[in-house]
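A.B. asks:
Protein chains: 2
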Amino acid sequence: MTDARRAVGVLGGMGPAATIDFMAKVLLHSQAAQGDAGREQDNVRLIVDSNPAVPDRNAAVAGTGPSPGPALAAMAQGLARAGATFLVMPCNAAHAFAADVIAATPLPFVHLIEETVHAVRRDHAHVRRVGVLAVAATADARLYERALEPLDFTAIVPTGAARERFMEGVWAIKAGRLDSGRAIVAESARALVAAGADLVIAGCTEVPLVLDSDDLSVPLIDATDVLARRTVAYARGEALPQR
Amino acid sequence: MTDARRAVGVLGGMGPAATIDFMAKVLLHSQAAQGDAGREQDNVRLIVDSNPAVPDRNAAVAGTGPSPGPALAAMAQGLARAGATFLVMPCNAAHAFAADVIAATPLPFVHLIEETVHAVRRDHAHVRRVGVLAVAATADARLYERALEPLDFTAIVPTGAARERFMEGVWAIKAGRLDSGRAIVAESARALVAAGADLVIAGCTEVPLVLDSDDLSVPLIDATDVLARRTVAYARGEALPQR
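Chains as they are written, first to last, in our numbering: chain A, 1 to 243; chain B, 244 to 486.
(1) To the nearest angstrom, how far is the alpha carbon of valine 185/A from that of proline 16/A?
(2) Is valine 443/B near phenylalanine 409/B, with beta carbons less than 9 Å apart?
(3) Please name the residues in the stretch 319–331 of chain B whose beta-carbon is closer than 7 Å to at least one beta-carbon of chain A, in chain order.
(4) Using a Cβ-Cβ cutoff of less than 6 Å, which residues in the same chain neighbour glycine 196/A once the five nearest sequence positions on both sides are dropped?
(5) Helix, strand or coil, according to DSSP, for arginine 372/B in the structure here?
(6) So with Cβ pairs under 9 Å, would you call alanine 250/B a contact of chain A?
(7) Which residues bound the beta strand (DSSP E) around phenylalanine 487/B?
(8) Output, in chain order, the set of chain B residues within a Cβ distance shorter than 8 Å of arginine 69/A.
(9) In chain A, what lies closer than 8 Å to serine 293/B by C-beta?
(10) With a threshold of 8 Å, are at least 3 pairs of Cβ atoms found where one atom belongs to the stretch 218–237 of chain A and the other to the stretch 86–104 of chain A?
(11) Apart from the five residues just before and just after asparagine 286/B, which ones in its own chain have a Cβ nearer than 6 Å to its Cβ?
(12) Is the stretch 210–218 of chain A touching the stretch 176–185 of chain A, taking contact as three or more C-beta pairs under 8 Å?
(13) Count the other CB atoms, across all protein chains shown, that sit within 10 Å of the CB of aspartate 264/B; report buried if there are 16 or more and exposed otherwise.
(14) Using a beta-carbon distance cut-off of less than 8 Å, what residues from the stretch 167–181 of chain A approach chain B?
(15) For proline 259/B, return the contacting residues in chain A, with the cut-off set at a CB-CB distance below 7 Å.
(16) Assign alanine 62/A to one of three DSSP states: helix, strand, or coil.
(17) Which runs of the beta strand (DSSP E) spanning at least 3 residues fall entirely within the stretch 368–439 of chain B, listed in chain order?
(18) Using only alpha-carbon positions, find the residue among His111/A, Glu238/A, Pro219/A, Gly237/A that is nearest to histidine 124/A.
(19) With distances taken between CB atoms, is the gap from threonine 231/A to valine 54/A smaller than 9 Å?
(20) Expressed to the nearest angstrom, what Euclidean distance is found between the alpha-carbon atoms of glutamate 115/A and alanine 71/A?
(21) Pull up the DSSP beta-bridge partners for leucine 463/B, would you.
(22) Between the Cα of arginine 190/A and those of Lys174/A, Arg122/A, Ile173/A, Val157/A, spot the shortest distance and give me the residue it belongs to.
(23) Tell me, please, whether the CB atom of aspartate 225/A is closer than 9 Å to any CB atom in chain B?
(24) Residues of chain B with CB under 9 Å from glutamine 242/A, in chain order?
(25) Taking Cβ to Cβ, would you say alanine 202/A is nearer than 9 Å to isoleucine 221/A?
(26) So, under 8 Å CB-CB, serine 50/A and alanine 60/A are touching, yes? Tell me the CB distance rounded to an integer number of Å.
(27) In three-state terms, what does DSSP make of arginine 230/A?
(28) If you run the structure through DSSP and keep just helix, strand and coil, what is serine 273/B?
(29) From alanine 194/A to aspartate 215/A, what does the alpha carbon distance come to, in whole angstroms?
(30) Return yes when the Cβ of alanine 141/A is within less than 9 Å of the Cβ of alanine 111/A, no when it is not.
(31) In three-state terms, what does DSSP make of arginine 487/B?
(32) Given a threshold of 16 other Cβ atoms within 10 Å of its Cβ, counted over all protein chains shown, does proline 150/A qualify as buried or as exposed?
(33) For chain B, is any of its Cβ atoms less than 9 Å away from the one on isoleucine 184/A?
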């Protein structure tokens, strides 16, 4: 059962719908872990700061906007004060500023991108070319490349016009225009497959709001779902990562 | 636009799916208030303690279990430390312990049941007999009766075997068995209409997870949705209730 002493601090709001999606997946995996005997009281405690005012990660990495680092550090500290015992951040691009979060409190930090790449290595050992639906900040900071390449994976991320087009899809989803967002990100995913990807990571938390494995001819790995599963495992007592 | 100084503290996890439903409704009304020009950064900031370990409200009101008051007070204080500037609690039954929440911090508290009854009076002036899908704690503490009767409404709540049956439906929903929960609470709602209700309040946050107005011959008021709309209004600057 859940270790009641473990409360998960969630740095969220990037965007708010992605945070809700993450919480729903935590609940799903928490209920599955309990089985039919589960009581409401056995679910995972989440303390969530869904703060949509965090500065845009893409502008920050591009050098055209303020860093979200200070806001994320303040959120981490607030979550610690509210009782969180470890931290997660269901936004890929914000991991360009993970060092600010880690430095802000003594709490363990569960790293979305590391956990996702570990899951790919464990479950898809034959794969070599990994497509990543990554926004500009994630791509420019080489977040997935830095995790994938030491494990002999080749990362394929959208570049140039394809990246601009993918960003349009993400902005549409963030604005609640799911149908137009879905069409664009499905096109982006198929372009990664056409470029040789054996598997595609939904490396932006807006993507799984509109896309699932049925939309593609190769496996689609939902980084949000990976983080949710790992969050439940850690909340139920698995040893937390040390840094 | 949203007043960036107003962060909403949410006492949640009762149950976790109801908290997610509340957050989704806040996002919906927040996006609607912004219109097409809305940016992610303009959405409402929610700081949420989704704490499923809060002791059962029904057992506490019945005198057969510990009070959730101390846990709710500690959550309120944690949310204040994390930066919340006013508090909401998307669980009807927990309002039997609203005094503990209000006493725990100096923050304004937006009262789910008062807001819901105000919405009924404003939008359904002709109605006199109000059915309330209320769990045992809500009914035994007379939370809706105390708000409705001074305004000359008559409250009709499930009693006896009908209440037991409704509780079975709520437990099914909390356990994730939505189909069986839906069948039972729809039957409970229709029984209130048969008993003379001109309108039914979904006075338990699990109910709107499975039931909507199309399921009934009279209006169904979703208390979660009322609270979400009011939360967005307060976050965007409306004068907060004073106590």
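The beta carbon of each residue, even a glycine, is placed where N, CA and C say it ideally should be.
C.D. replies: So, to answer that:
(1) Indexing the first sequence from 1 puts residue 185/A at position 185. Indexing the first sequence from 1 puts residue 16/A at position 16. About 19 Å.
(2) Position 200 of the second sequence holds residue 443/B. Position 166 of the second sequence holds residue 409/B. Contact: no.
(3) Gly321, Leu322, Arg324, Ala325, Gly326
(4) Indexing the first sequence from 1 puts residue 196/A at position 196. Here the set comprises Arg129.
(5) Residue numbering aside, residue 372/B sits at position 129 when the second sequence is read from its first letter. Reduced to three states, the DSSP call for arginine 372/B is strand.
(6) Position 7 of the second sequence, counted from the first residue, corresponds to residue 250/B. Chain A, which has a Cβ nearer than 9 Å to the Cβ of alanine 250/B, makes this yes.
(7) Absent from the model: residue 487/B. The displayed extent of chain B is 244 to 486, so no value can be given.
(8) Here residue 69/A refers to the residue found at position 69 of the first sequence. Reading off the sequence shown, one finds glycine at residue 69/A, where the question assumed arginine. Here the premise fails: no neighbours, minimum Cβ distance about 16 Å.
(9) Position 50 of the second sequence, counted from the start, is the residue given in the question as residue 293/B. Result: Met23, Arg45, Leu46, Ile47, Val48.
(10) yes
(11) As a first step, residue 286/B must be located in the second sequence, where it is residue number 43. Excluding positions up to five away in sequence, the list reads Ser273.
(12) yes
(13) One-based indexing of the second sequence puts residue 264/B at position 21. Answer is buried; the Cβ neighbour count reaches 16.
(14) Lys174, Ala175, Gly176
(15) Residue numbering aside, residue 259/B sits at position 16 when the second sequence is read from its first letter. Leu27, Asn43, listed in chain order.
(16) If you number the first sequence from 1, residue 62/A lands on position 62. Alanine 62/A falls in the helix class under three-state DSSP.
(17) 372–375, 397–399
(18) To locate residue 124/A, count along the first sequence from 1; it is residue 124. Nearest neighbour of histidine 124/A by Cα position, chosen from His111/A, Glu238/A, Pro219/A, Gly237/A, turns out to be Pro219/A.
(19) Counting from one through the first sequence, the residue named residue 231/A turns up at place 231. Counting from one through the first sequence, the residue named residue 54/A turns up at place 54. Result no, Cβ atoms of threonine 231/A and valine 54/A do not sit closer than 9 Å.
(20) Translated into positions along the first sequence, residue 115/A becomes position 115. Translated into positions along the first sequence, residue 71/A becomes position 71. Near 24 Å, if we compare the C-alpha coordinates of alanine 71/A and glutamate 115/A.
(21) The residue labelled residue 463/B in the question sits at position 220 within the second sequence. Its beta-bridge partners are Val443/B.
(22) Translated into positions along the first sequence, residue 190/A becomes position 190. If we check each option's Cα against that of arginine 190/A, Val157/A comes out closest.
(23) For this step, residue 225/A is matched to residue 225 along the first sequence. Aspartate 225/A does not count as touching chain B.
(24) Along the first sequence, read from residue 1 onward, the residue named residue 242/A stands at position 242. Chain B residues near glutamine 242/A: none, gap ~25 Å exceeds 9 Å.
(25) Within the first sequence, numbered from 1, the residue matching residue 202/A stands at position 202. Within the first sequence, numbered from 1, the residue matching residue 221/A stands at position 221. Against a cut-off of 9 Å, the Cβ pair of isoleucine 221/A and alanine 202/A comes out as a contact.
(26) Here residue 50/A refers to the residue found at position 50 when the first sequence is read from its first residue. Here residue 60/A refers to the residue found at position 60 when the first sequence is read from its first residue. Incorrect: roughly 19 Å between the Cβ atoms, too far for contact.
(27) Counting from 1 along the first sequence, the entry for residue 230/A is found at position 230. Arginine 230/A: helix per DSSP, three-state reduction.
(28) Residue 273/B sits at position 30 when you count from the first residue of the second sequence. If DSSP states are grouped into helix, strand and coil, serine 273/B belongs with the helices.
(29) As a position in the first sequence, residue 194/A is number 194, starting the count at 1. As a position in the first sequence, residue 215/A is number 215, starting the count at 1. About 14 Å.
(30) Position 111 of the first sequence, counted from the start, is the residue given in the question as residue 111/A. Position 141 of the first sequence, counted from the start, is the residue given in the question as residue 141/A. According to the sequence as given, residue 111/A is histidine; it is not alanine. Their beta carbons are not under 9 Å apart, which means histidine 111/A does not touch alanine 141/A by this criterion.
(31) Given that chain B is displayed from residue 244 to residue 486, the structure contains no residue 487/B and the question cannot be resolved.
(32) Working through the first sequence from its first residue, we reach residue 150/A at position 150. That one is exposed.
(33) Working through the first sequence from its first residue, we reach residue 184/A at position 184. False, the Cβ-Cβ gap to chain B never drops below 9 Å.
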